[in-house]
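Novice: Numbering (this note's numbering), first residue to last: 5 to 98.
Note that beta-carbon positions come from the ideal geometry of N, C-alpha and C, so glycine has one too.
As the structure is a prediction and not an experimental result, all values here were calculated from the model.
Pasting in a structure now, in structure tokens, and then I'll have a few things to ask.
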Amino acid sequence: MNRVTPLQAVYLFGSHARGEARPDSDVDLCLVADGAEQQLQTARGFRRAIREIHSKPAFTLIPITPARLAEKRFRHDHFFHSVLSEGILLATEN
């Protein structure tokens, strides 16, 4: 049985978070978790789970470690700034 990396946070961002989604819009999720290799396994697990519900899921998963996210925030990375400022926090580990 595969172990799933405990997620520290999940953000919905992009058109769905802004309320601008169209029927063909994909779902954008940022997954915050420790360990790059484990993040990939988590992303694969999400893809498999969504495929069970919908045969052709239209989504994008962006895995990132908490340390890397803090670095991106410190460096004022435009992409991650929009994820954090416009995104909707769906889940945290607490």
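Would you tell me roughly how many angstroms separate the C-alpha atoms of Ile101 and Asp38, rounded to the nearest one?
Specialist: Residue numbering for the chain in the displayed model covers 5 to 98; residue 101 lies beyond these limits and cannot be assessed.
Novice: Should Leu35 go down as buried or exposed, given a rule of 16 or more other Cβ atoms within 10 Å for buried?
Specialist: Residue numbering aside, residue 35 sits at position 31 when the sequence shown is read from its first letter. With 16 or more Cβ atoms within 10 Å of its Cβ, Leu35 is classed as buried.
Novice: What does the alpha-carbon distance come out to for the pair His85 and Leu11?
Specialist: Reading the sequence shown from its first residue, position 81 is the one you call residue 85. Reading the sequence shown from its first residue, position 7 is the one you call residue 11. Between His85 and Leu11, the C-alpha separation is close to 20 Å.
Novice: Helix, strand or coil for Pro10, going by three-state DSSP, please let me know.
Specialist: The residue you call residue 10 lines up with position 6 of the sequence shown. The answer is coil: DSSP assigns Pro10 none of H, G, I, E or B.
Novice: To which residues does DSSP link Leu65 through a beta bridge?
Specialist: As a working note, residue 65 is residue 61 in the sequence shown. In the DSSP output, where bridge partners are listed per residue, Leu65 has Leu33.
Novice: Would DSSP call Ala21 helix, strand or coil?
Specialist: Stepping through the sequence shown from its first residue, residue 21 is reached at position 17. In this structure, Ala21 counts as helix in the three-state DSSP scheme.
Novice: What number of angstroms, rounded off, separates the C-alpha of Thr64 from the C-alpha of Leu33?
Specialist: Indexing the sequence shown from 1 puts residue 64 at position 60. Indexing the sequence shown from 1 puts residue 33 at position 29. Spanning the two alpha carbons is a distance of roughly 6 Å.
Novice: Go ahead and label Gly23 buried or exposed: buried means 16 or more other beta carbons lie within 10 angstroms of its beta carbon, across all protein chains shown.
Specialist: As a working note, residue 23 is residue 19 in the sequence shown. Under this definition Gly23 is an exposed residue.
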